[in-house]
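Enquirer: All residue numbers in the sequence shown are consecutive under my numbering, ending with 109. This is the structure I have questions about; it appears just below.
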Amino acid sequence: MAPAPPGPDEQGVRGFLERYAAAWRAHDVDTLRRLGQVTTDEQARTLREYFAKVQDLDVEVHLVEVRADGERTVVRFTRRDRFRDPLGRIISKESPPIERILVTTPEGFRFGNAGG
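Structural data, given as structure tokens:
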């Protein structure tokens, strides 16, 4: 009987999602690119324009589920953004659950599909 495959690395996923949220809070497009959130120069430009318009951006991520799917790690999370818009209003938005595939690289986890 073959040994059971290892379960998903929940602690590693939590660390990854914290780096993801911290990069949003810091307006750090380069880190978001390394994490796989930003994949094109056009996305990077659009995100820099967005960051120039919002103030006091706070991003929180809540892990809903981590599961192994063969060689992949599938993660579901919600995201809450709070920020001040160009008119000075405080805006709060919470996403529905977001499901993303994480791939393992020598540097750690990275998003393996677009979106979120």
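Heads up, the beta-carbon is just placed ideally off N, CA and C, and yes, glycines get one too.
1) Let me know the secondary structure DSSP gives T97 once reduced to three states.
2) Distance check for T71 and R93, CA to CA, integer angstroms please.
3) If I measure Cβ to Cβ from F104 and keep anything under 7 Å in the same chain, skipping five residues before and after, which residues do I get?
4) For L25 and L56, which I take to be in contact (beta-carbon distance under 8 Å), what is that distance rounded to the nearest angstrom?
5) With a CB to CB cut of under 8 Å and the five nearest residues on each side skipped, what residues in its chain are close to G5?
6) Taking 8 Å as the limit between beta carbons, can you name the residues of its chain near R12, skipping five residues before and five after?
7) Between the Cα of L80 and those of V54, D49, D62, spot the shortest distance and give me the residue it belongs to.
8) How many Å lie between E53 and Q36 at the Cα?
9) What does a CB cutoff of less than 8 Å around W17 pick up in its chain, not counting 5 residues either side in sequence?
10) With Q36 as the anchor, note down where its alpha helix (DSSP H) starts and where it stops.
Expert: So, to answer that:
1) strand
2) 11 Å
3) L28, G29, Q30, R93, L95
4) About 18 Å separates the two Cβ atoms, so there is no contact after all.
5) G101, F102
6) T24, L28
7) D49
8) 21 Å
9) L25, L50, V52, D74
10) 34 to 46
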